[in-house]
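Peer 1: Below you will find the structure I want to go over with you.
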Amino acid sequence: MVKKIMSLLIIGFTVMIVSGCGLSEEEVIENISETMHEAFNRQSPEPNKDIENFKIYFPEDHTIIEESEGNLIFDTQDQTYILFYNVLEPPTSDAFYLAEERRGNYLFLESYQDDERFLYVKVSEVDRDYELQVGMGGLRLTAQTDLKELEETFNQMVDMINSIELVKIEE
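Going by the numbering used here, the first residue of the sequence shown is number 164, and it counts up by one from there.
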């Protein structure tokens with residue numbers, strides 16, 4: 164009987180310690196900030212979906228919920244994404260980034276630029292969750308997630324954004 168009580172106390176104490184060991188908001192955002200440059204430069208998966216004027220990689224388990232001109236809502240097993248695109252904006256455009264900067268409602272907003280593209284990441288609080296936005300030129304990918312999934316969602320979204328191949332618009 165005493166062994167059972169001690170075992171239950173040890174298990175309960177262990178669960179309390181482990182559940183309290185998650186990364187803080189500041190640590191997760193710092194990790195995203197520190198890995199941003201590397202993430203935007205890593206090899207991306209091959210595009211597997213054709214959208215108006217571009218190709219993009221979607222996870223295998225994605226389902227398109229709604230598609231309209233300039234917008235695409237899709238989900239995976241446990242995450243919904245909204246992709247807004249303006250094919251008239253070049254990949255080097257910073258228009259979405261500047262709009263988010265003017266709004267000012269964010270915990271984290273950082274940009275990355277190379278010779279061919281302008282990218283940014285924005286994290287803001289939404290109720291008890293976080294809104295994560297990854298943008299490149301005229302594309303903006305948004306998802307709402309909890310703190311535990313924020314960094315993984317960031318990496319998935321970067322894979323999608325990095326995979327984009329623009330198709331020339333016929334004039």
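Ideal Cβ placement from N, Cα and C applies to all residues, glycine included.
Could you pull the DSSP bridge partners for ALA306 from this structure?
Peer 2: Its beta-bridge partners are TYR244 and LEU295.
Peer 1: Across the segment 216–230 and the segment 273–291, are there enough close Cβ pairs to call them in contact, namely three or more that are closer than 8 Å?
Peer 2: No, the segment 216–230 does not touch the segment 273–291.
Peer 1: Hey, quick one: how far does the alpha helix (DSSP H) through SER274 stretch, first residue to last?
Peer 2: Taken as a continuous stretch (DSSP letters only), SER274 belongs to no alpha helix (DSSP H), being part of the beta strand (DSSP E) at 271–276.
Peer 1: Pull the bridge partners of TYR283 from the DSSP assignment, please.
Peer 2: In DSSP, TYR283 forms a bridge with SER274 and GLY298.
Peer 1: Tell me whether GLY298 is buried or exposed, calling it buried when 16 or more other Cβ atoms sit within 10 Å of its Cβ.
Peer 2: When all chains shown are included, GLY298 counts as buried.
Peer 1: Below 8 Å, how does it come out for the segment 304–319 and the segment 253–273: are there three or more Cβ pairs, yes or no?
Peer 2: With the cut-off at 8 Å, the segment 304–319 and the segment 253–273 do not touch.
Peer 1: Give the single residue among PHE203, GLU193, LEU186 and GLU314 whose Cα lies nearest to the Cα of ASP278.
Peer 2: Among PHE203, GLU193, LEU186 and GLU314, the Cα nearest to that of ASP278 belongs to PHE203.
Peer 1: Pick out whichever of LEU186, ARG205 and LEU251 has its Cα sitting closest to the Cα of MET323.
Peer 2: Measuring from the Cα of MET323, the nearest candidate turns out to be ARG205.
Peer 1: Contact defined as beta carbons within less than 8 Å: I believe PRO222 pairs with SER326. What is the distance between those atoms, to the nearest angstrom?
Peer 2: Their Cβ separation, rounded to whole angstroms, is 11 Å, which puts PRO222 and SER326 out of contact at 8 Å.
Peer 1: Return helix, strand or coil for THR226, following the three-state DSSP convention.
Peer 2: THR226 falls in the strand class under three-state DSSP.
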